[in-house]
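To keep things clear, I will list the structure first and then write my remarks on it.
Protein chains in written order, with this note's numbering: chain A, 1 to 296; chain B, 1001 to 1296.
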């Protein structure tokens, strides 16, 4: 398969869905809605909704009826970036090569843009129209999976640990926990959501969960690597910022070479988790390689 | 009925439920969980969960099976207070007579405490155990009602408008919209949630919605009044801060006397909305008076 054109096609599918699902900027609330759409439209790779889509397709279903759910995943990811970039957090001025949300809308505006996107994700997940394509029981399970993944014991907790980690020396175990919560949990939940939508068997669900856990880990390891070896231009954000901030990272613990090997092994493990899936899972296999090979 | 003891009894019910439903502070995430519980335990009046409870009881049902949903409403309210108090927003140091969240946990900690509470609310709302006491269809409707009420066209949007309103002159219409979104929406949704839990008829649902809209409005009018005529000690936050900040408020538009009359009329209208309910709705009637008479 030509994976590059697959990715660009699916990115198009997600971006069309976002254009349909998101609020239009008008009336008194124009600027608030604009602030949410600004970050959503700032050109992300749409990895999480594409993972959901690819999991659905790996199980022989089509994604079209479920696109609002893919959009919810992207809203959640975007909210997390907006809040992570805030002056009180990582204090980043650039994201995907563009000014971060608070550079345009101010701190208050950016906090609220994040709050709005997070809340809107749950509005999308509970849309009445979806009851004709997913059972209500399945949908509640999906909402539970996502809420747990991004809550105090998941993504938000991971970010809290990450902020604390800048103030003190952390162990390698804590670093792994930070990554599992902060990045891994939503990636795994995106794959699990696809599995639930396509009514995966328990065995399939567990295999896809294992796949999600591994690529989530690989994603963060590569992110750490890129911050060391990437350029600001490629990254669209400031290279070397982790070292400047004395941040706990995989390269800081293991060195660049060992970190690279670990990323490679983790991607292999992700593909092994898919061993019982046929070629409809090739996009998931390619996504694992893509995560390893990306430059930004 | 002795409404004072009713309130204190029901507050106890909600606080016991919070103690059961909330995460316990332990392990690596201890401080993050503590930061959420700090604000939850800072002694709120629990008006929103009690409104939900009172609506359920007005329709002849008991609240016990649904307590996690009451807790979700209180988590959402608490998240909104934490974010409203942030230096980038209203910059308040005191809330309910105690240091605000960011005074204890720092700005990053407070942003994440709010994010954690908001997300955890949806985890509570989608708890698998609740499927034995509410139909999944009803539950998805409740999640939709709440998500819409607190999203970009509801509470978050209202806060965005409120922040903008400090920078410019706003019309009386805009002031009303701010209040409807920022305070009214979650209050109405709390009553509607109770109505859904107790399987209200359409007519009952609409009456309770009207009641919720009116007390939501009354609540904000009285809040504005108290900021003018209350004392810092009674309020547990800085009195007179609205005028200092040149904030658009009801007293600023109408003067204190007319504002007081408006509050009174609105509370009456709330009670009229309940005309077809029997004495099981007395707590709701008393709650309307309580909102008018409160001093903090």
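All C-beta atoms in this analysis are idealised placements derived from N, C-alpha and C, irrespective of residue type, glycine included.
Top-ranked residue by Cα proximity to residue 115 of chain A, from B/1107, B/1127, B/1223 and B/1080 | For the purposes of this step, residue 115 of chain A is taken as the residue at position 115 of the first chain. Closest by alpha carbon: B/1080.
Would you verify that the beta carbon of residue 13 of chain A is, or is not, closer than 7 Å to some beta carbon of chain B?
-> Sequence index remark: in the first chain, residue 13 of chain A carries index 13 (1-based). Judged by the 7 Å Cβ criterion, residue 13 of chain A is not in contact with chain B.
How about residue 32 of chain A: is its C-beta nearer than 7 Å to some C-beta of chain E?
-> This model lacks chain E altogether, as its protein chains are A and B.
Taking Cβ positions only, does residue 1151 of chain B come closer than 7 Å to chain A?
-> By 1-based counting over the second chain, the position of residue 1151 of chain B is 151. Output row for residue 1151 of chain B: interface = yes.
Within-7 Å CB hit, residue 1144 of chain B to chain A = Position 144 of the second chain, counted from the first residue, corresponds to residue 1144 of chain B. True, the Cβ-Cβ gap to chain A drops below 7 Å.
For residue 1172 of chain B and chain A, any beta-carbon pair shorter than 7 Å?
-> Counting from 1 along the second chain, the entry for residue 1172 of chain B is found at position 172. No, because no Cβ of chain A sits closer than 7 Å to the Cβ of residue 1172 of chain B.
What are the boundary residues of the alpha helix (DSSP H) that includes residue 1026 of chain B?
-> Locating residue 1026 of chain B in the second chain gives position 26, counting from the first residue. Run containing residue 1026 of chain B: none; DSSP gives neither H nor E here.
Exposed unless 16 or more other CB atoms sit within 10 angstroms - verdict on residue 1192 of chain B = Counting from one through the second chain, the residue named residue 1192 of chain B turns up at place 192. Burial call: buried.
Cβ of residue 1129 of chain B within 7 Å of any chain A Cβ = Here residue 1129 of chain B corresponds to residue number 129 of the second chain, with the count starting at 1. Answer no: the Cβ-Cβ gap between residue 1129 of chain B and chain A never drops below 7 Å.
Residues of the segment 1110–1128 of chain B whose Cβ lies closer than 9 Å to any Cβ of chain A, in chain order = 1110, 1111, 1112, 1113, 1114, 1115, 1116, 1117, 1118, 1119, 1120, 1121, 1122, 1123, 1124, 1125, 1126, 1127 and 1128
Touching or not, the segment 12–19 of chain A and the segment 88–101 of chain A, by the rule of three or more beta carbon pairs under 8 Å?
-> no
Where residue 248 of chain A falls, given that 16 or more other Cβ within 10 Å makes a residue buried = Indexing the first chain from 1 puts residue 248 of chain A at position 248. The residue is buried, with at least 16 neighbouring Cβ atoms inside 10 Å.
Check the Cβ-Cβ distances between residue 1194 of chain B and every residue of chain A, and say whether any is below 7 Å.
-> Here residue 1194 of chain B corresponds to residue number 194 of the second chain, with the count starting at 1. Not closer than 7 Å to any Cβ of chain A, the Cβ of residue 1194 of chain B fails to qualify, so no.
Per-residue DSSP class, three states only, for residue 95 of chain A = To locate residue 95 of chain A, count along the first chain from 1; it is residue 95. DSSP places residue 95 of chain A in the strand class (E or B) of the three-state scheme.
Residue 1003 of chain B versus residue 1199 of chain B - alpha carbon distance = The sequence position of residue 1003 of chain B within the second chain is 3, counting from 1. The sequence position of residue 1199 of chain B within the second chain is 199, counting from 1. Their backbone Cα atoms lie some 26 Å apart in a straight line.
Hey, how far is the Cα of residue 258 of chain A from the Cα of residue 202 of chain A?
-> Residue numbering aside, residue 258 of chain A sits at position 258 when the first chain is read from its first letter. Residue numbering aside, residue 202 of chain A sits at position 202 when the first chain is read from its first letter. Those two C-alpha atoms are separated by around 35 Å.
How about residue 1078 of chain B and residue 147 of chain A: do their beta carbons lie closer than 7 Å?
-> Sequence index remark: in the second chain, residue 1078 of chain B carries index 78 (1-based). Sequence index remark: in the first chain, residue 147 of chain A carries index 147 (1-based). Cβ distance not < 7 Å, so residue 1078 of chain B and residue 147 of chain A don't count as in contact.
From this set, A/64, A/70, A/56 and A/87, which residue's C-alpha is nearest residue 282 of chain A's C-alpha?
-> Here the question's residue 282 of chain A lines up with position 282 in the first chain. Ranking A/64, A/70, A/56 and A/87 by Cα distance to residue 282 of chain A puts A/56 first.
Given that residue 36 of chain A touches chain B, what residues does it touch there, using C-beta distances under 7 Å?
-> Mapped onto the first chain, residue 36 of chain A falls at position 36. Chain B residues near residue 36 of chain A: 1152.
Spell out whether any CB of chain B is found under 7 Å from the CB atom of residue 197 of chain A.
-> Counted from its first residue, the first chain places residue 197 of chain A at position 197. No, no contact with chain B.
Are there 16 or more other CB atoms within 10 angstroms of the CB of residue 172 of chain A, so buried, or fewer, so exposed?
-> The residue given as residue 172 of chain A occupies position 172 in the first chain. Exposed, since its Cβ has fewer than 16 Cβ neighbours within 10 Å.
Are the beta-carbon atoms belonging to residue 1187 of chain B and residue 1270 of chain B less than 7 Å from one another?
-> Translated into the one-based positions of the second chain, residue 1187 of chain B becomes position 187. Translated into the one-based positions of the second chain, residue 1270 of chain B becomes position 270. No.
Which residues in the same chain as residue 1006 of chain B place their Cβ atom closer than 8 Å to its Cβ, once the five residues preceding and following it in sequence are excluded?
-> What you label residue 1006 of chain B is simply residue 6 of the second chain in a count that begins at 1. Cβ within range, chain order: 1283 and 1286.
Close beta carbons around residue 1149 of chain B, own chain, < 6 Å, minus the five adjacent residues each side = In the second chain, the residue the question calls residue 1149 of chain B occupies position 149. Contacts found: 1185, 1186 and 1189.
Min CB distance residue 215 of chain A to chain B below 7 Å = As a working mapping, residue 215 of chain A is identified with position 215 in the first chain. No, no contact with chain B.
Quick one: list the residues of chain B neighbouring residue 161 of chain A, beta-carbon separation under 8 Å, in chain order.
-> Your numbering for residue 161 of chain A matches position 161 in the first chain. By Cβ distance, chain B contributes 1028, 1029 and 1032.
Terminal residues of the alpha helix (DSSP H) in which residue 164 of chain A lies | Residue numbering aside, residue 164 of chain A sits at position 164 when the first chain is read from its first letter. Start and end: 155–165.
For the alpha helix (DSSP H) that residue 271 of chain A lies in, which residues bound it at each end?
-> Along the first chain, one-based indexing puts residue 271 of chain A at 271. Per DSSP, residue 271 of chain A belongs to the alpha helix (DSSP H) from 250–273.
In chain A, which residues lie less than 7 Å from residue 1139 of chain B when you measure between Cβ atoms?
-> Stepping through the second chain from its first residue, residue 1139 of chain B is reached at position 139. Chain A residues near residue 1139 of chain B: 140.
State the DSSP-derived secondary structure class of residue 201 of chain A, mapped to helix, strand or coil.
-> Taking the first residue of the first chain as 1, we reach residue 201 of chain A at position 201. In the structure shown, residue 201 of chain A sits in coil (DSSP, three-state: anything other than H, G, I, E or B).
Return the residue from the list A/38, A/268 and A/160 that minimises the CA-CA distance to residue 210 of chain A.
-> As a first step, residue 210 of chain A must be located in the first chain, where it is residue number 210. Checking every option, the nearest Cα to that of residue 210 of chain A belongs to A/268.
Buried versus exposed call for residue 1001 of chain B [16 or more other C-beta atoms within 10 Å across all chains shown] | Translated into the one-based positions of the second chain, residue 1001 of chain B becomes position 1. Counting other Cβ atoms within 10 Å of its Cβ, residue 1001 of chain B stays below 16 and is therefore classed as exposed.
May I ask which residues mark the beginning and end of the alpha helix (DSSP H) holding residue 177 of chain A?
-> By one-based count along the first chain, residue 177 of chain A stands at place 177. Its alpha helix (DSSP H) spans residues 172–179.
Would residue 1068 of chain B pass as a contact of residue 1127 of chain B if the rule is Cβ separation under 7 Å?
-> For the purposes of this step, residue 1068 of chain B is taken as the residue at position 68 of the second chain. For the purposes of this step, residue 1127 of chain B is taken as the residue at position 127 of the second chain. Cβ distance < 7 Å, so residue 1068 of chain B and residue 1127 of chain B count as in contact.
Does residue 56 of chain A get closer than 7 Å to chain B when you measure Cβ to Cβ?
-> Translated into positions along the first chain, residue 56 of chain A becomes position 56. False, the Cβ-Cβ gap to chain B never drops below 7 Å.
Just reading off the alpha helix (DSSP H) that residue 101 of chain A is part of, what are its end residues?
-> The count along the first chain starts at 1 and reaches residue 101 of chain A at position 101. Boundaries of the alpha helix (DSSP H) harbouring residue 101 of chain A: 101–125, taken from the DSSP string.
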